[in-house]
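First residue of the sequence shown: 235, per our numbering; consecutive thereafter.
Quick reminder that beta carbons are idealized off the backbone N, C-alpha and C, glycines included.
In what follows, a single structure is set out as structure tokens and then discussed.
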Amino acid sequence: TTIPASKARASMKTVGILGGGQLARMMALSAAPLGLRFLVLDTAADACAGQFAPMVVGDYTDEAALAEFASKVDVATFDFENVPAESAQWLATRVPVFPSPRALAVAQDRLAEKTLFRELGIPVPDFADIDSRAALDAAVVTLGTPCILKTRRLGYDGKGQFRIKSPADVDAAWDALGAQAGTVGLILEGFVAFQRELSVIAVRGQDGEFRAWPLTENWHVDGVLSASLAPACVDDAMNAVALSHARKIADALDYVGVFALELFCRDGELLANELAPRVHNSGHWTIEGSETSQFQNHLRAVLGLPLGDTRMLGVACMLNWIGAMPDAAPVLREASGHWHDYGKQPRTGRKVGHATLRAESVVELADALQRVGAVLGRDAQVAPVIARLRG
Ligand code: AMP
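Listed below in structure tokens is the structure:
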């Protein structure tokens with residue numbers, strides 16, 4: 235018997251992804267074996283996910299582009315969290331959208347997310363809503379210095395932030411960001427003298443099932459992620475507290491999909507910094523370092539499929555490549571060295587790829603990092619991870 239082509243592939247779903255960067259690219263690569271098709275909407279025709287998935291090129295507020303996108307997908311999700319909330323809502327009236335526009339709206343706003351964390355009993359850095367210069371002056375007195383002025387929305391990788399080291403910096407901070415008080419809004423945060431930065435990568439399904447990968451420790455350079463280590467070298471109790479914070483937030487938002495909760499660890503206490511409503515750079519190690527990657531689990535959640543196991547396969551370290559790709563050979567020579575080139579043009583400050591090294595033990599991982607760091611001239615990048623592993 236011949237099966238008509240349309241019927242034969244009726245079960246092949248198309249996932250629409252708003253944003254066509256490396257996160258969309260890795261989503262498509264991870265879940266292609268599930269028999270999915272993808273459609274990417276991005277403002278740039280050369281977005282790197284377009285090397286693997288058909289694209290609609292257009293602005294996220296362009297109704298014609300959104301309508302074309304909506305007409306061709308079964309479900310929509312994000313690689314980019316700053317899609318305007320109105321666009322997400324508009325889409326949600328036409329196709330299922332995960333995470334929901336409400337969860338997206340909270341996570342887009344540093345004030346709304348910190349307010350939610352506090353309501354849920356999750357410790358946060360001191361913060362204040364800043365809607366005027368007078369409010370800033372008052373809050374700098376209440377919170378003390380140092381503190382950080384941030385835009386409520388549209389900031390990422392340390393952008394839209396100004397560090398106020400002493401009251402003398404308030405003028406400069408207001409000159410830099412004051413104009414945005416009336417547009418994206420501002421928040422002032424007390425400076426946290428943390429010893430470590432950690433993140434929880436977690437996933438929640440449509441039925442409320444929750445799973446999380448072990449805590450990850452992260453190192454940043456100039457506000458941009460440089461290296462991630464999993465599992466973080468913390469005790470079980472801290473791991474459990476972090477996962478319980480993540481679960482409370484996910485349940486409160488009725489969240490569907492993968493998200494990252496960024497935490498500061500100060501004197502043994504965890505403070506919640508930020509919620510990223512999407513797969514996250516600090517979870518890239520899950521591709522080779524765990525049973526199911528964050529990318530595939532995100533799409534399983536979005537499609538209502540059973541979630542995959544999040545257990546780790548050994549220990550893993552991810553190194554980000556910023557600006558330009560180094561030589562791949564030293565990583566490829568490692569027994570568990572994995573290379574990811576996002577197919578992007580080199581550009582200062584741009585995330586162009588990453589490597590993940592995996593090992594059976596922390597001793598082996600530290601040795602592999604040392605070899606790779608030395609050959610690539612990246613000793614400074616691997617040094618804090620090696621110190622933690624050997625510490
Ligand atoms: P964010 O965009 O909020 O994740 O901030 C980027 C980086 O700036 C963080 O990873 C921290 O290294 C640093 N940072 C942000 N907020 C604070 C804070 N309240 N205290 C100390 N460092 C911070």
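Relative to ligand 1, V426 has its C-beta within less than 7 Å of a heavy atom.
For P359, the CB falls within less than 7 Å of some heavy atom of ligand 1.
For R445, the pairing in a beta bridge is given by DSSP as V437. Each of R367, L325, L270 and E525 was checked against the Cα of R592, and the nearest Cα belongs to E525. Rounded to whole angstroms, the gap between the alpha carbons of D360 and E423 is 6 Å. Contact annotation: the region 414–429 does not touch the region 463–476, with fewer than three C-beta pairs closer than 8 Å. With a threshold of 7 Å, the Cβ atom of N515 does not count as near ligand 1, since no heavy atom of the ligand is closer than that. Counting along the chain, V492 sits inside the beta strand (DSSP E) bounded by residues G491 to R500. For V609, the CB contacts under 6 Å within the same chain, skipping 5 residues up- and downstream, are P564 in chain order. One thing to note: V434 has its Cβ no nearer than 8 Å to the Cβ of A474.
According to the DSSP assignment, K393 belongs to no alpha helix (DSSP H), since it is labelled neither H nor E.
The three-state secondary structure of C551, taken from DSSP, is strand.
If you draw a 10 Å sphere on the C-beta of M246, you find fewer than 16 other C-beta atoms in it, and that means exposed.
Measuring C-alpha to C-alpha distances from K306 to each of E315, F272 and T295 identifies F272 as the nearest. When DSSP reads this structure, E503 sits in a beta bridge with R500. The way I'd put it, the region 330–350 does touch the region 502–520; three or more beta-carbon pairs between them come closer than 8 Å.
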